[in-house]
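In our numbering, the protein residues as written are 150 to 390. Below: the structure, in structure tokens.
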């Protein structure tokens, strides 16, 4: 993963300023440094600096469809600030991001930096909604954040397989059957949706993403079937979200 590039601190500072913060630049920088340290944790095999950069880049790419891009950027900075260690907590559509705790962290820190209550609460809401991902999304800011966070699914096949390997590495200490079962549940939930992407600009990513997810699901099912009976967890039933 490596350390955060210096320019990323500037992106953070601009997002905070554009959102209306009047906090001293030194305090904004200090808070940003601590936040980026979270993302740079070497234990994060996928949910690290490269993932954060990709999400921010996709937010910029889709920003014309957002009503308030600075708040979406701040939500992107915080959306995976906290990741769980337990597979049972990670077996969700986002696979490995604790949005509820991350959202509370964002609210507290952005309030400390002087964002008014409504804006700090809006960032918290965006991150929390990313975690629950309601079946119908009419909020353009949430649609941009969801698509930016999910854009990795539309990577080229080689990059997608690298993503799969990194995701699995984050939970390498977990029971193999439990990890596979949790991942299979996530993949099935994704494939059950009419659309993986919500914004018009991201519509072109749909076919590539579905092909990647279908291929990963097939690999995971083969791996689960090949596990010794004592290691294989029950296959999950498809769920909502």
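Ideal placement from N, C-alpha and C gives every residue a C-beta, glycine not left out.
**OP:** Could you pull the start and end residues of the alpha helix (DSSP H) that residue 200 belongs to?
**Re:** The count along the chain shown starts at 1 and reaches residue 200 at position 51. Taken as a continuous stretch (DSSP letters only), the alpha helix (DSSP H) holding residue 200 covers 198-211.
Cα-Cα, which of 336, 324, 192 and 228 is closest to residue 370?
In the chain shown, counting from the first residue as 1, residue 370 sits at position 221. Of the residues 336, 324, 192 and 228, the one whose Cα lies closest to the Cα of residue 370 is 336.
Is residue 348 closer than 8 Å to residue 296 when the C-beta atoms are compared? Along the chain shown, one-based indexing puts residue 296 at 147. Along the chain shown, one-based indexing puts residue 348 at 199. A contact, by the Cβ cut-off of 8 Å.
Mind checking residue 161: buried by the 16 CB within 10 Å criterion, or exposed?
One-based indexing of the chain shown puts residue 161 at position 12. Result: buried.
Beta-carbon gap between residue 217 and residue 265 smaller than 8 Å | Here residue 217 is taken as the residue at index 68 of the chain shown, counted from 1. Here residue 265 is taken as the residue at index 116 of the chain shown, counted from 1. Taking 8 Å as the Cβ cut-off, residue 217 and residue 265 do not qualify as a contacting pair.
Who are the Cβ neighbours of residue 269 in its own chain at under 6 Å, not counting the five residues just before and after it? In the chain shown, counting from the first residue as 1, residue 269 sits at position 120. Excluding positions up to five away in sequence, the list reads 256, 259 and 260.
- Task: Determine, using beta carbons only, whether residue 326 and residue 373 come nearer to each other than 8 Å.
- Result: For the purposes of this step, residue 326 is taken as the residue at position 177 of the chain shown. For the purposes of this step, residue 373 is taken as the residue at position 224 of the chain shown. The answer is yes: Cβ separation under 8 Å.
Please report the residue range of the alpha helix (DSSP H) in which residue 171 lies.
-> Start at 1 with the first residue of the chain shown, and residue 171 comes out as number 22. Run containing residue 171: none; DSSP gives neither H nor E here.
_Which residue wins for smallest C-alpha separation from residue 171, given the options 365, 263 and 342?_
By one-based count along the chain shown, residue 171 stands at place 22. It is 263.
**Message:** Suppose contacts are defined by Cβ-Cβ distances below 8 Å. Is residue 222 in contact with residue 315 by that definition?
**Reply:** Here residue 222 refers to the residue found at position 73 when the chain shown is read from its first residue. Here residue 315 refers to the residue found at position 166 when the chain shown is read from its first residue. Remark: C-beta atoms of residue 222 and residue 315 do not approach each other more closely than 8 Å.
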